[in-house]
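First comes the structure, then the notes that go with it.
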Amino acid sequence: SWIDLKLFCHDVVEEMRMSIGASHKIVLNCYGSCELVYLDPKLLRSILSNLISNAVKYSLAGGVVEFDLSCFDQVATFEIRDYGIGIPDEDQPRLFRLFHRASNVNAIRGTGLGLAIVYQCVLQHQGEIYFTSCEGVGTSFVVKLPLTLGSRTEHLSPESV
Ligand code: ATP
Ligand code: MG
């Protein structure tokens, strides 16, 4: 459906803030015009909540999670960065597989399903996902989704429904 992407991301971040409490700071920055785009809100919510909850879970309390949203040239880019435990090089090639968990998670609980779900959601949206990570330094996940842009008038006219 047609969504205001900026508003949508603000809402998701607000929900995440409520559920994690005061342990981490989540900072959202928006670039470009993201006001009205055609995306599947369920898929997008699943992508963002999994990536943000990982960023929180795999970084120390008091940490900052940065979320950059940008829309340029019919592509929405979502980047979620943390300064947490990072992902060891040897685990990186298998990260999107079901049940795969890296060797440095220690006592941090999880099932290894979140990223596999994210991957499927991105595929369903004809998008792409990649990450860069350094153990002990931090991780950045980037999701790119192709966009159909709308204008307000198009949005409001009955023909477009
Ligand atoms: P859950 O199914 O509850 O999400 P999970 O978090 O272990 O469990 P995934 O979200 O699929 O599973 O992530 C897979 C693995 O990738 C994690 O176990 C962790 O080793 C690694 N990982 C994912 N995101 C990060 C991150 N931001 N920083 C460090 N490691 C990460
Ligand atoms: Mg997870």
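Counting with UniProt numbering, you get residues 399 to 559 for the letters of the sequence shown. A virtual CB, placed ideally from N, CA and C, is assigned to each residue, including glycine.
In whole angstroms, what is the alpha-carbon distance linking residue i and residue j?
{"i": "Ser501", "j": "Asp480", "result": "18 Å"}
{"i": "Ser531", "j": "Ser538", "result": "6 Å"}
{"i": "Val540", "j": "Gly525", "result": "11 Å"}
{"i": "Lys440", "j": "Glu464", "result": "22 Å"}
{"i": "Leu467", "j": "Ala420", "result": "23 Å"}
{"i": "Arg492", "j": "Leu511", "result": "12 Å"}
{"i": "Pro486", "j": "Gly461", "result": "20 Å"}
{"i": "Cys407", "j": "Phe494", "result": "23 Å"}
Which word fits residue i, buried or exposed, when buried means at least 16 other C-beta atoms lie within 10 angstroms of its C-beta?
{"i": "Met414", "result": "buried"}
{"i": "Gly534", "result": "exposed"}
Kindly indicate which three-state DSSP category residue i falls into: helix, strand or coil?
{"i": "Ala474", "result": "strand"}
{"i": "Val425", "result": "strand"}
{"i": "Tyr528", "result": "strand"}
{"i": "Arg507", "result": "coil"}
{"i": "Gly536", "result": "strand"}
{"i": "Ile485", "result": "coil"}
{"i": "Ser444", "result": "helix"}
Of all the options the options, which has the alpha carbon lying nearest to the alpha carbon of residue i?
{"i": "Asp409", "options": "Ile483, Gln472, Ile450 and Leu458", "result": "Ile450"}
{"i": "Ile401", "options": "Ile418, Tyr429, Gly536 and Leu442", "result": "Leu442"}
{"i": "Gly484", "options": "Val454, Phe470 and Asp471", "result": "Val454"}
Assess contact between the stretch 446-459 and the stretch 474-485, defined as three or more Cβ pairs (one per stretch) separated by less than 8 Å. Is contact present? Yes: at least three Cβ pairs fall under 8 Å.
Tell me, please, whether the stretch 501-515 touches the stretch 410-429 by the rule of three or more beta-carbon pairs shorter than 8 Å. No, because fewer than three Cβ pairs between the stretch 501-515 and the stretch 410-429 fall closer than 8 Å, the two stretches do not touch.
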